[in-house]
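Scroll down for the structure; my scribbles are underneath it.
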DNA sequence: GTCTATAGGAAGATAGAC
DNA sequence: GTCTATCTTCCTATAGAC
């Protein structure tokens, strides 16, 4: 924080979003003031309104980017291989992608209630799309354990996303160990 | 909201906590003002300070009660039967207990960051105690799928608590179906 | 036990100078 | 593109009347 003179330019926009992401994740949307975000960037509060029409839009844009990136990145990663290989691949992708974006994930789960109804509907649609990706894979795997596909999908996603709440870099378990453990657990849940 | 005259007495305390619980869950701790809570109860803001020293204590007491009740209720429910029966029993207990307290569960996961360090430590200790309950059961079951017990414990808990995010009373699946599905899934995860 | 009133500050957002 | 200054509203918490 704190810039010395009147420098910067097209850098400020990304800095504002980065600061908002970090502060919203740490303290919560409602608890963070525009003045705090401005201080982190090194500008005065009024300057932020060059980059966002208001605080609510700032939140929505962060969540929208996160969901769009999630869907797009899976499209790139997905090799469209055999069902079981795709399931393993999805588990690995989900865990690692989410661990690399802890702040955005946290915000996307915690701050849904602070979105306007229109913005909420947009985010929810993308979330449903992502859930459908896993559901399709699970159905294609056709394991004996697959009871209700939607219920199983939500159970698996909750399990995977839960990693973000406890995993710490440099802790007792490394990423690869975590991924392999979850790959094995998910296979057993689904019964393949 | 809105009381007509100067009635009530020892009822107000519980009403304050109930209003705070509901509003914190709906809008978030930081987004809710003492005036909103007071309006929901039907008193003026100043009157709340007869029942809590400040807003932070109100939050802490809600979370403390929730965790104490969770641990105490499991103690009552736990029959201490064979390991596998205890596992099933725990799954059923966790899901139903949490579904019945959706607001408190939501707050207890979302508002940890709004606790003072001392208060946070107390809540975390109780959470660790609860995790240990399940870990002990999992170890006693000794299934072939039990890799790292702590990792499996956290995975199962995330899966179970996730029910709260999507289950709706009167929806497509009833409670008993959900419980039985999760009992079956957890057995498979653990490999028993 | 609840009220009114208020202290003292911080919030989101805008206007106009530079 | 950023600043300072400000409008207006809201906040937590307290004091003292009833």
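Chains as they are written, first to last, in the UniProt record's numbering: chain A, 1 to 192; chain B, 1 to 192. In this text, a Cβ means the ideal position worked out from N, Cα and C, and glycines have one as well. Note that the structure is predicted; figures quoted are calculated from it, not measured.
What separation, rounded to the nearest whole angstrom, lies between the Cα atoms of residue 12/A and residue 39/A? Indexing the first chain from 1 puts residue 12/A at position 12. Indexing the first chain from 1 puts residue 39/A at position 39. Looking at the two C-alpha atoms, the distance is approximately 12 Å.
Mapping the DSSP letters down to three states, classify residue 168/A as helix, strand or coil. Indexing the first chain from 1 puts residue 168/A at position 168. Coil at residue 168/A, not helix or strand.
Output, in chain order, the set of chain A residues within a Cβ distance shorter than 7 Å of residue 33/B. What you label residue 33/B is simply residue 33 of the second chain in a count that begins at 1. Simply none; closest approach about 10 Å.
Residue 100/A burial status per 10 Å Cβ neighbour count (16 or more: buried): Sequence index remark: in the first chain, residue 100/A carries index 100 (1-based). Result: exposed.
Buried or exposed: residue 111/B, going by 16 or more other Cβ atoms within 10 Å of its Cβ? Taking the first residue of the second chain as position 1, residue 111/B is located at position 111. With 16 or more other Cβ atoms within 10 Å, it is buried.
For residue 103/B, which three-state DSSP category applies? Taking the first residue of the second chain as 1, we reach residue 103/B at position 103. Residue 103/B: helix per DSSP, three-state reduction.
Output, in chain order, the set of chain A residues within a Cβ distance shorter than 9 Å of residue 182/B. Translated into positions along the second chain, residue 182/B becomes position 182. Those are 151 and 155, listed as they occur along chain A.
Residue 189/B versus 154/B, 103/B and 145/B, residue with shortest Cα-Cα distance: Counting from one through the second chain, the residue named residue 189/B turns up at place 189. Closest option to residue 189/B, Cα to Cα, is 145/B.
Residues near residue 133/A in its chain [Cβ-Cβ closer than 7 Å; skip 5 each side]: Taking the first residue of the first chain as 1, we reach residue 133/A at position 133. Once the five neighbours on either side are set aside, the close Cβ partners of residue 133/A are 74.
The alpha helix (DSSP H) that contains residue 73/A, what's its start and end? Translated into positions along the first chain, residue 73/A becomes position 73. Run containing residue 73/A: 55 to 77, per the alpha helix (DSSP H) assignment.
Check whether residue 30/A and residue 30/B have beta carbons under 8 Å apart: Locating residue 30/A in the first chain gives position 30, counting from the first residue. Locating residue 30/B in the second chain gives position 30, counting from the first residue. In contact: residue 30/A and residue 30/B (Cβ atoms closer than 8 Å).
Considering only the beta carbon of each residue, do residue 195/B and residue 124/B sit closer than 8 Å? Nothing in the structure corresponds to residue 195/B, since chain B is present only between 1 and 192.
Among 106/A, 63/A and 34/A, whose alpha-carbon lies nearest the alpha-carbon of residue 50/A? Mapped onto the first chain, residue 50/A falls at position 50. Checking every option, the nearest Cα to that of residue 50/A belongs to 34/A.
Sequence-distant residues of the same chain with beta carbon closer than 8 Å to residue 160/A, five excluded per side: Taking the first residue of the first chain as position 1, residue 160/A is located at position 160. 91, 94, 95, 98, 182 and 186.
If you draw a straight line from the alpha carbon of residue 1/B to that of residue 43/B, how long is it in whole angstroms? Translated into positions along the second chain, residue 1/B becomes position 1. Translated into positions along the second chain, residue 43/B becomes position 43. Bear in mind that a pLDDT of 39 at residue 1/B, under 50, signals an unreliable position, so the number given afterwards is only what the model happens to contain. So the two alpha carbons sit approximately 9 Å from each other.
Residue 52/B: buried (16+ other C-beta within 10 angstroms of its C-beta) or exposed? In the second chain, counting from the first residue as 1, residue 52/B sits at position 52. When all chains shown are included, residue 52/B counts as buried.
Proximity test, Cβ basis, 8 Å: residue 173/A and chain B: Looking up residue 173/A in the first chain gives position 173. Chain B contact via Cβ: present.
For residue 126/A, would you say it is in contact with chain B, using Cβ-to-Cβ distances shorter than 8 Å as the test? Position 126 of the first chain, counting from 1, holds the residue named residue 126/A. No, its Cβ sits nowhere closer than 8 Å to a Cβ of chain B.
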